[in-house]
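**Q**
There are 2 protein chains.
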Amino acid sequence: MTIWGNLGKRLRNCYREGVNEHPPPGGPAPMADVADAAGVAVSTVSRALRGRPGVSRAQREQILRVADELSYSVSASASRLAGGRTGAVGVLVPRIDGWFHSTAVAGLQERLHEHGLDLVLYRLQGREERAEFFDRRAFRHRVDALAVVGTTLTPDEEGLLAAADLPVVGVSTRPSGRPFTDVDDHAGAAGATRHLTNLGHERIAILRSTTLLGTHGAVSHERYAGFCDAMAERGLEVPEAYVVSAPWGLEGGAQAMAELLSAATPPTAVFAESDEVAIGALRTLRRSNIEVGRGMSVIGFDDHQLAELLDLSTVAQPVHEQGRTGGDLVVEALDNGRVAEPERVLPTRLVVRGTSAGH
Amino acid sequence: MTIWGNLGKRLRNCYREGVNEHPPPGGPAPMADVADAAGVAVSTVSRALRGRPGVSRAQREQILRVADELSYSVSASASRLAGGRTGAVGVLVPRIDGWFHSTAVAGLQERLHEHGLDLVLYRLQGREERAEFFDRRAFRHRVDALAVVGTTLTPDEEGLLAAADLPVVGVSTRPSGRPFTDVDDHAGAAGATRHLTNLGHERIAILRSTTLLGTHGAVSHERYAGFCDAMAERGLEVPEAYVVSAPWGLEGGAQAMAELLSAATPPTAVFAESDEVAIGALRTLRRSNIEVGRGMSVIGFDDHQLAELLDLSTVAQPVHEQGRTGGDLVVEALDNGRVAEPERVLPTRLVVRGTSAGH
DNA sequence: CTCCAAGACGCAAACGTTTGCGAAACGAGG
DNA sequence: CCTCGTTTCGCAAACGTTTGCGTCTTGGAG
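Written as structure tokens, this is what we have:
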């Protein structure tokens with residue numbers, strides 16, 4: 180400890196104690212207070228808190244103790260400004276209400292919180308909201324990394340993200356060249372389809388769902404491909420009338436099902452790309468007095484909370500865990516600059532309930 | 180314009196153009212770049228961007244135009260550090276998955292986004308998570324205001340928030356001395372109860388729901404009081420066996436209903452404090468082959484998405500709009516330092532469906 | 001005892017913005 | 001032409017942290 184160092188501290192303390200006995204309790208205690216209390220310089224406090232080398236064990240422990248006593252927490256703003264981290268991660272969702280996205284975000288939040296990271300929620304709903312987000316790039320000042328949840332980025336959007344030079348991970352989506360976690364939608368859809376063919380069904384329709392933008396996302400394409408491949412395996416044909424697209428949700432499913440029922444030869448089973456759509460279809464079937472499970476089999480995808488209640492057969496995917504895994508990816512990218520297994524595909528599971536039965 | 184001012188800018192431009200033709204495209208453009216491009220000082224840019232007086236109309240417009248061309252956005256960190264705003268609002272929720280909270284947050288996000296505010300999500304789930312949040316108070320460095328959504332704060336927690344000196348608003352909760360928005364739970368519950376008594380029911384039970392902490396929140400107390408008052412109005416008694424508490428959710432409701440069915444004299448109608456609980460009760464009734472609407476009437480509270488699907492009578496509350504109104508409160512508090520109508524009670528609406536019928 | 005290397009720590013310069021204060025410019029009145 | 005007031009704008013000092021660099025300390029070898 181240098182003479183000057185001590186002197187400096189003395190002077191500061193004199194000032195503090197003499198002129199301004201009680202520091203205003205309003206503002207957060209700055210790092211300088213911790214330094215004073217611990218009898219070291221702010222630079223040492225900073226190094227101790229960030230786990231940087233150049234601080235002796237004893238000092239480090241003492242500083243951590245003092246910081247804890249003062250319930251000190253670093254100013255994210257100042258830290259970021261000086262070249263450090265903000266300690267926050269941006270999460271991009273097309274919407275936050277709705278089962279899938281809120282569950283995935285909950286899983287993400289869980290992991291991020293374990294690592295002391297805050298979560299900034301960005302909603303990308305509608306074209307101009309997306310455009311504004313990627314154009315302004317205000318997130319660069321606020322977050323250390325981004326997690327994209329359940330929405331497919333356009334090449335343009337990916338390009339703009341790349342310019343920001345932040346780690347980006349995908350949850351239930353695969354941004355090109357980035358780590359991601361999702362499920363094997365193709366295999367899941369194929370499994371559901373095989374389940375129906377194994378029950379003896381041959382005339383099987385598919386209810387496809389579109390995003391808020393009215394297009395099919397990558398997930399939809401995968402599930403459709405899985406369906407088609409499984410049908411082809413068995414040498415079964417899929418007439419054009421058996422492929423119906425509807426906006427995601429109950430209403431869409433209900434209408435799409437009505438359309439199917441008006442076909443020249445209605446199908447005997449239906450695979451819906453999502454449970455919400457399947458449930459809408461169920462409603463139409465109930466209202467048409469068609470006994471589900473006997474007259475018509477239905478299977479969905481997701482294992483939505485409602486599926487169990489309504490006894491809907493489905494392909495379960497671990498949504499909460501996808502969120503958590505996404506959190507892991509972010510944390511690893513932030514800690515090491517890279518992630519070990521950048522492609523984490525979680526398993527799906529066929530859940531057979533009452534709405535699918537033999538023909 | 181002073182000679183020195185122009186000279187300063189010239190020198191900077193020379194440097195930039197000569198030595199470093201293309202500024203590194205990675206980092207965000209600082210305010211100085213906008214100042215240079217507009218031919219003014221950074222202080223003027225700052226004032227123009229924040230709408231402060233002391234800038235001529237012409238300059239202000241030109242600066243805004245230039246800033247837009249450069250797609251400039253201020254650094255939240257630097258702004259905050261220098262005494263400005265972070266442009267972010269913290270949202271406190273007990274959980275983010277689940278219909279009520281995610282819908283309210285969606286409404287909040289909508290309004291905040293309209294006013295250029297970002298949303299930082301804090302989850303307060305479990306006692307120690309709450310304690311840690313209020314003890315560290317890390318949010319002070321990150322957000323300009325807080326919105327508490329759907330959870331009751333303890334007096335201690337309110338005290339710690341007060342020390343942080345931030346605007347705080349409540350959504351579906353009433354932090355003492357703070358602006359809030361919610362619905363009249365007492366009146367809503369009383370209305371539901373009167374609906375049942377008007378149908379001729381006299382033996383009416385109530386399914387109360389507890390929070391994640393196992394306690395009854397303020398909302399639960401209000402709804403219970405509304406139920407009791409409406410019963411008292413008609414001179415009807417509420418035996419102890421007709422008041423059952425269960426953890427919030429399907430399972431809790433299912434178990435609580437089972438308990439009621441094992442009473443010496445089962446009730447003829449049930450008011451559930453929330454739709455989730457009511458739906459759990461419906462499941463038990465269906466499994467017991469008790470015809471809902473004839474043998475037993477059920478009414479819930481919330482108008483959950485499922486209520487319509489399951490034909491559940493209920494008291495509808497505007498969740499999304501509560502979120503939006505909460506956003507309004509935050510924006511007004513931030514803009515004016517105070518809000519005009521700090522208590523915004525939105526209307527509930529009795530929705531009669533198939534599960535409630537005469538006795 | 002002297003010298004040297006390595007480890008521990010302090011100093012000070014950034015980072016990008018906000019804002020009080022002072023100076024310049026301009027117009028009007030004397 | 002001088003003075004004064006008003007408006008517009010630049011200067012520079014914060015804000016709290018990080019980090020390169022320099023200095024001091026410590027302990028061991030020569």
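Top line first, the protein sequences correspond to chains H and R.
Per the working numbering, the very first residue in the first sequence carries number 180; after that it's consecutive.
Per the working numbering, the very first residue in the second sequence carries number 180; after that it's consecutive.
The beta carbon of each residue, even a glycine, is placed where N, CA and C say it ideally should be.
What you are looking at is a predicted structure, and each value in this text was computed from that prediction instead of being measured.
Compare the beta carbon distance of D454 of chain R and L491 of chain R with 8 Å and say whether it is the shorter of the two.
**A** The count along the second sequence starts at 1 and reaches residue 454 of chain R at position 275. The count along the second sequence starts at 1 and reaches residue 491 of chain R at position 312. The answer is yes: Cβ separation under 8 Å.
**Q** Which of the residues in the region 291-305 of chain H, read from start to end, lie with their CB under 8 Å from any CB of chain R?
**A** H292, D297, L298, V299, L300, Y301 and R302
**Q** Flag this pair as touching only if the region 287-302 of chain H and the region 339-353 of chain R have three or more C-beta atom pairs under 8 Å; answer yes or no.
**A** Fewer than three beta-carbon pairs drawn from the region 287-302 of chain H and the region 339-353 of chain R are found closer than 8 Å, and the two stretches are therefore not classed as touching.
**Q** Per DSSP, E522 of chain R is paired with what?
**A** Taking the second sequence and counting its residues from 1, the one referred to as residue 522 of chain R is at position 343. According to DSSP, which records beta bridges pairwise, E522 of chain R is partnered with R:F359.
**Q** What span of residues does the alpha helix (DSSP H) with F318 of chain H cover, start to end?
**A** Taking the first sequence and counting its residues from 1, the one referred to as residue 318 of chain H is at position 139. Neither: F318 of chain H is in no alpha helix (DSSP H) and is coded neither H nor E.
**Q** Going by C-alpha to C-alpha distance, which of H:V498, H:P497, H:A495 and H:E522 sits closest to L508 of chain H?
**A** Here residue 508 of chain H refers to the residue found at position 329 of the first sequence. That would be H:E522, whose Cα lies nearest to the Cα of L508 of chain H.
**Q** Rounded to a whole number of angstroms, what is the C-alpha to C-alpha distance between N515 of chain H and V253 of chain H?
**A** Walking along the first sequence from the start, residue 515 of chain H turns up at place 336. Walking along the first sequence from the start, residue 253 of chain H turns up at place 74. Whole-angstrom Cα-Cα distance: 22 Å.
**Q** Please state the DSSP three-state secondary structure of V219 of chain R.
**A** Sequence index remark: in the second sequence, residue 219 of chain R carries index 40 (1-based). Coil at V219 of chain R, not helix or strand.
**Q** Starting from the C-beta of S535 of chain R, find all residues in its chain whose C-beta is less than 6 Å away, skip the five residues before and the five after it, and write them out in chain order.
**A** Taking the second sequence and counting its residues from 1, the one referred to as residue 535 of chain R is at position 356. Excluding sequence neighbours, S535 of chain R sits near S476, I478 and S492.
**Q** If you count every other CB in all the chains shown that lies within 10 Å of the CB of G205 of chain H, and 16 or more means buried, which is it?
**A** Locating residue 205 of chain H in the first sequence gives position 26, counting from the first residue. In this predicted model, G205 of chain H has a pLDDT of only 46, less than 50, meaning its place in the structure is not dependable enough to derive any value.
**Q** Whose C-beta lies closer than 8 Å to the C-beta of V224 of chain H among residues of the same chain, with five residues either side of it excluded?
**A** Taking the first residue of the first sequence as position 1, residue 224 of chain H is located at position 45. Excluding its 5 nearest sequence neighbours in each direction, V224 of chain H has C-beta neighbours in its own chain below 8 Å: M210, V213, A214, A217, I242 and A246, listed in chain order.
**Q** CB-CB under 6 Å to A404 of chain R, same chain, minus the five flanking residues each way: which ones, in chain order?
**A** As a working note, residue 404 of chain R is residue 225 in the second sequence. H365, listed in sequence order.
**Q** So, do the region 268-276 of chain H and the region 291-310 of chain H have three or more beta carbon pairs nearer to each other than 8 Å?
**A** yes
**Q** For a quick check, are the C-beta atoms of S281 of chain R and D482 of chain H less than 8 Å apart?
**A** In the second sequence, the residue the question calls residue 281 of chain R occupies position 102. In the first sequence, the residue the question calls residue 482 of chain H occupies position 303. Not a contact, by the Cβ cut-off of 8 Å.
**Q** For F450 of chain H, write down the residues that DSSP places opposite it in a beta bridge.
**A** Position 271 of the first sequence, counting from 1, holds the residue named residue 450 of chain H. Beta-bridge pairing links F450 of chain H to H:I385 and H:I478.
**Q** For chain R, is any of its Cβ atoms less than 8 Å away from the one on S225 of chain H?
**A** The count along the first sequence starts at 1 and reaches residue 225 of chain H at position 46. Cβ-Cβ to chain R under 8 Å: no for S225 of chain H.
**Q** Under DSSP, the alpha helix (DSSP H) around A267 of chain H begins and ends at which residues?
**A** Numbered from 1 along the first sequence, position 88 holds the residue referred to as residue 267 of chain H. A267 of chain H -> not in any alpha helix (DSSP H); beta strand (DSSP E) instead, spanning A267 to V272.
**Q** Taking three-plus beta-carbon pairs below 8 Å as touching, is the region 304-316 of chain H in contact with the region 457-477 of chain H?
**A** Not touching, per the Cβ criterion.
**Q** Output the boundary residues of the beta strand (DSSP E) element that contains Y301 of chain R.
**A** Along the second sequence, read from residue 1 onward, the residue named residue 301 of chain R stands at position 122. Its beta strand (DSSP E) spans residues D297 to R302.
**Q** Closest to L339 of chain H by CA distance: which of H:D361, H:P346, H:R316 and H:H320 is it?
**A** Counting from one through the first sequence, the residue named residue 339 of chain H turns up at place 160. Among H:D361, H:P346, H:R316 and H:H320, the Cα nearest to that of L339 of chain H is on H:R316.
**Q** Going residue by residue through the region 384-469 of chain H, where are the continuous alpha helix (DSSP H) segments of at least 4 residues, counting only ones entirely within it?
**A** As for any alpha helix (DSSP H) of minimum length 4 sitting wholly inside the region 384-469 of chain H, the runs are 397-412, 429-440 and 454-466, ordered along the chain.
**Q** So which residues of chain H does Q288 of chain R contact, with C-beta pairs closer than 7 Å?
**A** Mapped onto the second sequence, residue 288 of chain R falls at position 109. Within 7 Å Cβ-Cβ: I275, L300 and R302.
**Q** Taking only beta-carbon positions, decide if D323 of chain R is within less than 8 Å of chain H.
**A** For the purposes of this step, residue 323 of chain R is identified with residue 144 of the second sequence, where counting begins at 1. Output row for D323 of chain R: interface = no.
**Q** Give the range of the beta strand (DSSP E) segment to which A324 of chain H is assigned.
**A** Numbered from 1 along the first sequence, position 145 holds the residue referred to as residue 324 of chain H. Taken as a continuous stretch (DSSP letters only), the beta strand (DSSP E) holding A324 of chain H covers A324 to V328.
**Q** Please state the DSSP three-state secondary structure of G205 of chain H.
**A** The residue given as residue 205 of chain H occupies position 26 in the first sequence. In this prediction, G205 of chain H scores a pLDDT of 46, lower than 50, which makes its location untrustworthy; the coordinate-derived value is nonetheless stated afterwards. Note: G205 of chain H maps to coil in three-state DSSP.
**Q** Can you look up V531 of chain R in the DSSP assignment and give me helix, strand or coil?
**A** In the second sequence, counting from the first residue as 1, residue 531 of chain R sits at position 352. Of the three classes helix, strand and coil, the one that applies to V531 of chain R here is coil, per DSSP.
**Q** Alpha carbon to alpha carbon, what distance is there between F480 of chain R and G263 of chain R?
**A** As a working note, residue 263 of chain R is residue 84 in the second sequence. As a working note, residue 480 of chain R is residue 301 in the second sequence. Spanning the two alpha carbons is a distance of roughly 43 Å.
**Q** Just verifying my parser: in three-state terms, what is the DSSP assignment at G137 of chain H?
**A** Outside the displayed range of chain H (180 to 538) lies residue 137 of chain H, so it cannot be described from this structure.
**Q** For D314 of chain R and S250 of chain H, which I take to be in contact (beta-carbon distance under 8 Å), what is that distance rounded to the nearest angstrom?
**A** Residue mapping note: residue 314 of chain R aligns to position 135 of the second sequence, counting from 1. Residue mapping note: residue 250 of chain H aligns to position 71 of the first sequence, counting from 1. About 6 Å separates the two Cβ atoms, so the contact holds.
**Q** From P503 of chain H to V362 of chain H, what does the alpha carbon distance come to, in whole angstroms?
**A** Walking along the first sequence from the start, residue 503 of chain H turns up at place 324. Walking along the first sequence from the start, residue 362 of chain H turns up at place 183. A quick correction: the sequence has Arg, not Pro, at residue 503 of chain H. Using only the alpha carbons, I get a separation of about 14 Å.
**Q** Looking at A425 of chain R: is its Cβ nearer than 8 Å to the Cβ of A435 of chain R?
**A** As a working note, residue 425 of chain R is residue 246 in the second sequence. As a working note, residue 435 of chain R is residue 256 in the second sequence. Contact: yes.
**Q** Please confirm whether S464 of chain H and P346 of chain H have their CB atoms less than 8 Å apart.
**A** Here residue 464 of chain H is taken as the residue at index 285 of the first sequence, counted from 1. Here residue 346 of chain H is taken as the residue at index 167 of the first sequence, counted from 1. Rather than Ser, the amino acid found at residue 464 of chain H in this sequence is Leu. Against a cut-off of 8 Å, the Cβ pair of P346 of chain H and L464 of chain H comes out as no contact.
**Q** May I ask you to report which of helix, strand or coil DSSP gives T493 of chain H?
**A** Here residue 493 of chain H corresponds to residue number 314 of the first sequence, with the count starting at 1. Three-state result, T493 of chain H: strand.
**Q** Who are the neighbours of L260 of chain H on chain R, taking C-beta pairs under 8 Å?
**A** One-based indexing of the first sequence puts residue 260 of chain H at position 81. Within chain R, the residues near L260 of chain H are S254, S256, A257 and L260.
**Q** For V284 of chain R, which beta-bridge partners are listed by DSSP?
**A** Translated into positions along the second sequence, residue 284 of chain R becomes position 105. Answer is none; V284 of chain R lacks a bridge partner.
**Q** In chain R, what lies closer than 7 Å to R357 of chain H by C-beta?
**A** Translated into positions along the first sequence, residue 357 of chain H becomes position 178. Within chain R, no residue has its beta carbon less than 7 Å from that of R357 of chain H; the closest one is some 18 Å off.
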